[in-house]
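Chains as they are written, first to last, in the UniProt record's numbering: chain V, 1 to 316; chain Y, 1 to 338. Even glycine gets a Cβ: it sits at the ideal position worked out from N, Cα and C. As the structure is a prediction and not an experimental result, all values here were calculated from the model. One structure is given below, encoded as structure tokens.
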Amino acid sequence: MFKPSQILTRQVISKSLLLSASLLLTFNVSAHEDGHSHEQVQARLVSAGAGVTELVLALDAGDELVAVDSTSILPSSITKIEKLGYHRMLSAEGILALAPTLVLGTDAMGPETTLKVLKSADIKVIQLPTANDRPQLLSNIDEMGKLLDRQPQAKQLKLKLQASLDAIAAKKKQLGGIEKAPKVLFMLLQADRPARVGGEGTAADIIIKLAGGNNIANFSGYKSLSQEGILSLQPDLILISNRSHGQTETSMSHADQAASDAEKVLKAMPLLVHTPAGKNKHIQSIKPQALLGGLGISAIKAADKLASDLIDIKRY
Amino acid sequence: MNSQRWLWPGLIALLVITSLLSISTGPLNISPSTSLRAVISWATNYDLANVAPYEQLVINNVRLPRTLLAMAVGAILAQCGAVMQGLFRNPLADPGIIGVSSGAALGAAICIVMFPTAAEYWVAFSAFLAGLITTLMVYRLATSPTGTSVVLLLLSGVAVASLAGAGIGVLTYMANDMALRDLTLWQMGSIAGAQWQYVILTLVALVVLSWHFNRSAKALNALLLGESEARHLGIDVDKLKFKLILLCALGVGISVAATGIIGFIGLVIPHLVRMVIGPDHKQLLPLSALLGAIILAMADIGARSLVAPSELPVGLVTALLGAPFFIFLLLKQRSKFL
């Protein structure tokens, strides 16, 4: 004879066993649906880091992407793609489950444990150094051309970027020296909070220096500045980045968009009208992509436009 | 009571089920039987058929360390929570109250923001060290020649925690975007980076702590009567307090170093157990450890399956589940507190 308590115990155990068995069954079924094969002909590419993804797209390898990290920005035409988390917090299993042939990222990609697991699963993991200057960018493109089997595209892209960089350098020369160059201020706008101004070492700073502008924020990193603080700096041109309208392209033309951006900023920060930039409506927006991946395609584009704008200002 | 008898076998069965689930769930589809075979071949070093190398790899390097780490950390946090609540005779005490978590967070923030190149390897150590230092500081503040006052200890804990919070605020202000992101993620706690050295460290800590806590269970029970009553029973209350606080600081410090900050386990789990078995620490401590291990492992299963192939920080999951549940408990037990 069992005591009641023993019967209860047995019941609990048998019930939990039943539960676990049924759970095991459901997982078994799902395991078979999604067969895992390593002999894929089509390359399956995972890209982590905004700059790297941008280059993948520029090299015409977008159709091979199976997943990107959360910093990467994709054109709306690419829809069926997995979003991994932040590129420093990648999940090993999440990536393994996608059966990639190549995982491409910057040296910021991580954590180390994840990369180790991927490598020991015979997945090619390549970390490219973050490009902050021209030689590094070009060598990264070379490397990616080889990895993605897109050498001709890489060659073309390099020529194109070198031409843009040369054009920017020429414009920079026209501006003549940092002292004579117009004063530029970069603001990262956040709703209802003081603007954060980009000082030395920020992505915006790289773009401003590349274009030959004088970044008047002489501190390092991003700092919050009040309208009064910005007013005291008297910038000739204000660059803004607005995270909210970053990823959706509006139907407005470029000039209209720029004008409306300027108006919005002046409406939100009326004191700025008293800066040279505000007076002359020299307020330009910059795409968030340009600020994410070090020196890359968007950053070069932004620098090129900035250089032209700076020349225009000097002619006044 | 009848319910107490099935608690042990029930929780052990649940622990087994949870570990089975944990090693067979993930973005990659590996059947439970394959997972189990992979675990056995890992443990016995014997090559069992039908386990693909990449499956073996995922089990060895991802799921097994994760499962064990989640369970060890869950058990440590829940047990330390139970000890703290007993020691302070305060149902709201959790391991964070003596400053370990906030100190550790400050340590991690210092490392992430000021020494970004060393961050990858030294965050854990820096967190552990700062957690321990903070606890000792709190303890010193609360100790006078006449003894250690519980109220003073709680208050110093609050004060030091807000000081550490301010320090983190300053560092957050100084941080660049990347460090900021790392800092935020670290504070949310995650078991994703489970490495074998942390697993071993936390398991050793768990064994040592459980043994010491178990030996202090009787004294903790006596302390429930009141401090002077415990003294009359021949217990060196101040020595006991120092020992237990130091042990909790070590346990929580190691856990936080390994996984970041994981809230609510230490606060909620002991309450749950106490509701069923009452306040006897002989039972409360090991059962809390068991339930803590189960709950954190389950939360981790959720963390990595809910948004796969990306994953949530497990600290978010425990807070999302723990806080509403705690409110529910409060409402149910309201009459007791009034």
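Problem - Whole-angstrom C-beta distance between Lys158 of chain V and Leu138 of chain V, which should lie under 8 Å - result: What you label residue 138 of chain V is simply residue 138 of the first sequence in a count that begins at 1. What you label residue 158 of chain V is simply residue 158 of the first sequence in a count that begins at 1. Yes, Leu138 of chain V and Lys158 of chain V are in contact; Cβ-Cβ is about 6 Å, under 8 Å.
Practice task
Give a yes or no on whether the C-beta atoms belonging to Ser255 of chain Y and Gln79 of chain Y are separated by under 7 Å.
Solution key: The residue given as residue 255 of chain Y occupies position 255 in the second sequence. The residue given as residue 79 of chain Y occupies position 79 in the second sequence. In this structure, Ser255 of chain Y sits away from Gln79 of chain Y, with a CB-CB distance that is not shorter than 7 Å.
Practice task
Apply the 10 Å Cβ neighbour rule to Phe328 of chain Y and answer buried if 16 or more other Cβ atoms are within range, or exposed otherwise.
Solution key: In the second sequence, counting from the first residue as 1, residue 328 of chain Y sits at position 328. It counts as exposed.
Exercise for the section: Identify which residue in Y:Ala159, Y:Ala108 and Y:Ile12 has its Cα closest to the Cα of Thr172 of chain Y. Expected result: Numbered from 1 along the second sequence, position 172 holds the residue referred to as residue 172 of chain Y. Y:Ala108 is the residue among Y:Ala159, Y:Ala108 and Y:Ile12 whose C-alpha sits nearest the C-alpha of Thr172 of chain Y.
Problem - Beta bridge counterpart(s) of Ile123 of chain V as assigned by DSSP - result: Counted from its first residue, the first sequence places residue 123 of chain V at position 123. Listed as beta-bridge partners of Ile123 of chain V by DSSP are no residues whatsoever.
Handout entry: Amino acids of chain V, ordered along the chain, whose beta-carbon sits closer than 9 Å to that of Pro27 of chain Y
Key = For the purposes of this step, residue 27 of chain Y is identified with residue 27 of the second sequence, where counting begins at 1. Ordered by position in chain V, the residues that pass the 9 Å Cβ test against Pro27 of chain Y are Ser91, Glu93, Gly94, Ile95, Leu96, Ala97 and Leu98.
Problem - Interface positions of the region 180-204 of chain Y facing chain V (Cβ-Cβ less than 8 Å), listed along the chain - result: Closer than 8 Å at the C-beta level to chain V, one finds these residues of the region 180-204 of chain Y: Arg181, Asp182, Leu185, Ser190, Ala192, Gly193, Ala194 and Gln195.
Exercise for the section: Indicate whether at least one CB of chain Y lies closer than 7 Å to the CB of Leu295 of chain V. Expected result: Working through the first sequence from its first residue, we reach residue 295 of chain V at position 295. Not one chain Y Cβ lies under 7 Å of Leu295 of chain V.
Exercise for the section: Indicate the three-state DSSP secondary structure (helix, strand or coil) for Ala222 of chain Y in the structure shown. Expected result: The residue given as residue 222 of chain Y occupies position 222 in the second sequence. Residue state, collapsed to three classes: helix.
Practice task
Helix, strand or coil for residue 317 of chain V, going by three-state DSSP, please let me know.
Solution key: Only positions 1 to 316 of chain V appear in the structure, and residue 317 of chain V is not among them; the question remains open.
Handout entry: One or two residues paired with Phe186 of chain V in a DSSP bridge
Key = Start at 1 with the first residue of the first sequence, and residue 186 of chain V comes out as number 186. In DSSP, Phe186 of chain V forms a bridge with V:Leu239.
Exercise for the section: Take Gln247 of chain V and list the residues in its own chain whose beta-carbon comes closer than 8 Å to its own, dropping the five residues that flank it on each side. Expected result: As a first step, residue 247 of chain V must be located in the first sequence, where it is residue number 247. Confidence in Gln247 of chain V is poor, its pLDDT being 42 and thus under 50, which makes the residue's placement too unreliable to answer from.
Practice task
Confirm the yes/no value for this check: CB of Lys116 of chain V, any heavy atom of the ligand MN, distance under 6 Å.
Solution key: For the structure depicted, the ligand MN is absent and the ligand set is empty, with no information on it obtainable.
Exercise for the section: Answer with buried or exposed for Leu225 of chain Y, where buried requires no fewer than 16 other C-beta atoms within 10 angstroms of its C-beta. Expected result: If you number the second sequence from 1, residue 225 of chain Y lands on position 225. Looking at its Cβ environment, which holds fewer than 16 other Cβ atoms inside 10 Å, Leu225 of chain Y is exposed.
Exercise for the section: Hey, could you find the ends of the beta strand (DSSP E) Tyr222 of chain V is sitting in? Expected result: Here residue 222 of chain V corresponds to residue number 222 of the first sequence, with the count starting at 1. Unbroken beta strand (DSSP E) run through Tyr222 of chain V: Tyr222 to Ser224.
Exercise for the section: Could you tell me whether the Cβ atoms of Ala313 of chain Y and Glu82 of chain V are closer together than 7 Å? Expected result: Within the second sequence, residue 313 of chain Y is the residue found at index 313, counting from 1. Within the first sequence, residue 82 of chain V is the residue found at index 82, counting from 1. Checking the sequence shown, residue 313 of chain Y turns out to be Pro, not Ala. The answer is no: Cβ separation not under 7 Å.
Practice task
Determine, using beta carbons only, whether Ala319 of chain Y comes closer than 7 Å to chain V.
Solution key: Taking the second sequence and counting its residues from 1, one reaches residue 319 of chain Y at position 319. No, Ala319 of chain Y does not count as interfacial toward chain V.
Exercise for the section: Could you check which residue in V:Ser298, V:Gly51, V:His87 and V:Arg44 has the C-alpha nearest to that of residue 325 of chain V? Expected result: The displayed coordinates of chain V run from 1 to 316. Any statement about residue 325 of chain V would go beyond what the structure contains.
Practice task
Compare the beta carbon distance of Gly198 of chain V and Tyr222 of chain V with 7 Å and say whether it is the shorter of the two.
Solution key: For the purposes of this step, residue 198 of chain V is taken as residue 198 along the first sequence, with counting starting at 1. For the purposes of this step, residue 222 of chain V is taken as residue 222 along the first sequence, with counting starting at 1. Gly198 of chain V places its beta carbon less than 7 Å from that of Tyr222 of chain V.
Exercise for the section: Please classify Lys83 of chain V: does DSSP put it in a helix, a strand, or coil? Expected result: Sequence index remark: in the first sequence, residue 83 of chain V carries index 83 (1-based). If DSSP states are grouped into helix, strand and coil, Lys83 of chain V belongs with the strands.
Problem - Cutoff 7 Å; reference Leu316 of chain Y; Cβ partners in own chain excluding five residues on either side - result: Here residue 316 of chain Y refers to the residue found at position 316 of the second sequence. Taken in chain order, the residues that qualify are Met188.
Practice task
For Val207 of chain Y, count neighbouring C-beta atoms within 10 Å of its own C-beta (all shown protein chains included) and say buried if the count is 16 or more, exposed if not.
Solution key: Position 207 of the second sequence, counted from the first residue, corresponds to residue 207 of chain Y. Classified as exposed, Val207 of chain Y has fewer than 16 neighbouring CB atoms from the shown chains inside 10 Å of its CB.
Exercise for the section: Whole angstroms is fine: what's the gap from Pro100 of chain V's alpha carbon to Leu153 of chain Y's? Expected result: Position 100 of the first sequence holds residue 100 of chain V. Position 153 of the second sequence holds residue 153 of chain Y. Approximately 54 Å between the Cα atoms of the pair.
Exercise for the section: State the Cα-Cα distance for the pair Leu320 of chain Y and Phe326 of chain Y, rounded to the nearest angstrom. Expected result: As a first step, residue 320 of chain Y must be located in the second sequence, where it is residue number 320. As a first step, residue 326 of chain Y must be located in the second sequence, where it is residue number 326. A straight line joining the alpha-carbon of Leu320 of chain Y with that of Phe326 of chain Y spans about 10 Å.
Problem - Cα-Cα separation, Val39 of chain Y to Thr25 of chain Y - result: For the purposes of this step, residue 39 of chain Y is taken as the residue at position 39 of the second sequence. For the purposes of this step, residue 25 of chain Y is taken as the residue at position 25 of the second sequence. Just so you know, the alpha carbons of Val39 of chain Y and Thr25 of chain Y end up roughly 14 Å apart.
Exercise for the section: Starting from Pro309 of chain Y, find everything on chain V with Cβ-Cβ shorter than 7 Å and list it in chain order. Expected result: As a position in the second sequence, residue 309 of chain Y is number 309, starting the count at 1. Neighbours of Pro309 of chain Y on chain V, chain order: Ala67, Glu82, Leu84, Ser91, Gly94, Ile95, Ala97 and Leu98.
Problem - CB-CB length for Ala70 of chain Y against Ala297 of chain Y, believed under 8 Å - result: Along the second sequence, one-based indexing puts residue 70 of chain Y at 70. Along the second sequence, one-based indexing puts residue 297 of chain Y at 297. Indeed they touch by this definition, with Cβ atoms about 4 Å apart.
Handout entry: Arg193 of chain V versus V:Arg88, V:Ala268, V:Ile297 and V:Gln162, residue with shortest Cα-Cα distance
Key = Walking along the first sequence from the start, residue 193 of chain V turns up at place 193. Comparing Cα positions, the closest option is V:Ala268.
Exercise for the section: Have a look at Asp94 of chain Y and Ala222 of chain Y and give me their C-alpha separation to the nearest angstrom. Expected result: Stepping through the second sequence from its first residue, residue 94 of chain Y is reached at position 94. Stepping through the second sequence from its first residue, residue 222 of chain Y is reached at position 222. Rounded to whole angstroms, the separation of the alpha carbons of Ala222 of chain Y and Asp94 of chain Y is 20 Å.
Practice task
Tell me, please, whether the region 97-111 of chain Y touches the region 253-268 of chain Y by the rule of three or more beta-carbon pairs shorter than 8 Å.
Solution key: The answer is yes - the region 253-268 of chain Y touches the region 97-111 of chain Y, with three or more Cβ pairs under 8 Å.
Practice task
Starting from Thr113 of chain V, find everything on chain Y with Cβ-Cβ shorter than 7 Å and list it in chain order.
Solution key: If you number the first sequence from 1, residue 113 of chain V lands on position 113. Ordered by position in chain Y, the residues that pass the 7 Å Cβ test against Thr113 of chain V are Gly193 and Gln195.
Exercise for the section: Report the residues of the region 288-307 of chain Y with a CB closer than 7 Å to any CB of chain V, ordered along the chain. Expected result: Listed by position, the residues of the region 288-307 of chain Y near chain V (Cβ gap below 7 Å) are Arg304.
Handout entry: Stretch pair the region 261-279 of chain Y + the region 179-198 of chain Y: three plus CB contacts closer than 8 Å
Key = The count of Cβ pairs closer than 8 Å, one atom from the region 261-279 of chain Y and one from the region 179-198 of chain Y, reaches three, so the stretches are in contact.
Exercise for the section: Please name the residue in Y:Val307, Y:Ile277, Y:Arg66 and Y:Leu7 whose C-alpha comes closest to that of Asp94 of chain V. Expected result: Working through the first sequence from its first residue, we reach residue 94 of chain V at position 94. Rather than Asp, the amino acid found at residue 94 of chain V in this sequence is Gly. Of Y:Val307, Y:Ile277, Y:Arg66 and Y:Leu7, the residue nearest in Cα terms is Y:Val307.
Problem - Proximity to Phe128 of chain Y [Cα-Cα], best of Y:Ala257, Y:Ile269 and Y:Pro286 - result: Stepping through the second sequence from its first residue, residue 128 of chain Y is reached at position 128. For the set Y:Ala257, Y:Ile269 and Y:Pro286, the Cα lying nearest the Cα of Phe128 of chain Y is the one of Y:Ala257.
Exercise for the section: Under 7 Å between beta-carbons, which chain Y residues line up against Arg315 of chain V? List them in chain order, please. Expected result: For the purposes of this step, residue 315 of chain V is taken as the residue at position 315 of the first sequence. Going along chain Y, no residue has its Cβ under 7 Å from Arg315 of chain V, so there is no contact; the nearest lies around 35 Å.
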